[in-house]
Amino acid sequence: MIRKIVDYQKLNEKLLNLLIEKFPDGYSDKDIIAFRNAKNELIEAVEIETEDTIYLVKVGKRLVQAMEDFEDNGDNYNDDDDDDDRDLVPDDFSDDE
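And the structure:
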């Protein structure tokens, strides 16, 4: 299975829908996975899965707003290409940004 770290700004419509389905009332502290990237920065993320990929979506105040905006204006969401996703190394979860 492929593992990726992705910023909420890079989520396409399909992934944002999965995120909202998994966390319809928002996420809580127990849903957050914390780890350090290659630059030793603390990263917090929530996990969503597709058939072939596990995504860690970086969280923050702006993610909550993006989820709410998408629910309100789902048809107007900008479906950006997610070519900048970062592949994860199992047990490492490093992000090379």
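Just so you know, the numbering used here puts the end of the sequence shown at 101, numbered straight through with nothing missing.
Heads up, the beta-carbon is just placed ideally off N, CA and C, and yes, glycines get one too.
A quick note: this is a predicted structure, and the numbers were derived from the prediction, not measured.
* Rounded to a whole number of angstroms, what is the C-alpha to C-alpha distance between Lys26 and Glu75? -> As a position in the sequence shown, residue 26 is number 22, starting the count at 1. As a position in the sequence shown, residue 75 is number 71, starting the count at 1. Each residue's Cα considered, the two are about 13 Å apart.
* Could you spell out where the alpha helix (DSSP H) holding Glu17 opens and where it closes? => If you number the sequence shown from 1, residue 17 lands on position 13. Start and end: 17 to 26.
* Tell me whether Leu20 is buried or exposed, calling it buried when 16 or more other Cβ atoms sit within 10 Å of its Cβ. => Within the sequence shown, numbered from 1, the residue matching residue 20 stands at position 16. Leu20 comes out buried.
* Asked: Helix or strand or just coil, what does DSSP make of Tyr12?
  -> Counting from one through the sequence shown, the residue named residue 12 turns up at place 8. Residue state, collapsed to three classes: helix.
* Asked: Are the beta-carbon atoms of Leu22 and Ile52 separated by less than 8 Å?
  -> Counted from its first residue, the sequence shown places residue 22 at position 18. Counted from its first residue, the sequence shown places residue 52 at position 48. Taking 8 Å as the Cβ cut-off, Leu22 and Ile52 qualify as a contacting pair.
* Asked: Going by alpha carbons, who is nearest to Gly30 out of Asn44, Asn16, Ala42, Val50?
  -> Within the sequence shown, residue 30 is the residue found at index 26, counting from 1. When each option's Cα is compared against that of Gly30, the closest is Val50.
* Note down the Cα distance separating Lys14 from Ile47, rounded to an integer number of angstroms. => Numbered from 1 along the sequence shown, position 10 holds the residue referred to as residue 14. Numbered from 1 along the sequence shown, position 43 holds the residue referred to as residue 47. For Lys14 and Ile47, the distance between alpha carbons rounds to 16 Å.
* **Span of the beta strand (DSSP E), counted from its first residue to its last, around Ile47** => On the sequence shown, position 43 is the one that residue 47 refers to. It spans 46 to 53 - the beta strand (DSSP E) in which Ile47 sits, taken as one unbroken run.
* First and last residue of the beta strand (DSSP E) that includes Ala38? -> For the purposes of this step, residue 38 is taken as residue 34 along the sequence shown, with counting starting at 1. That run of the beta strand (DSSP E) goes 37 to 40.
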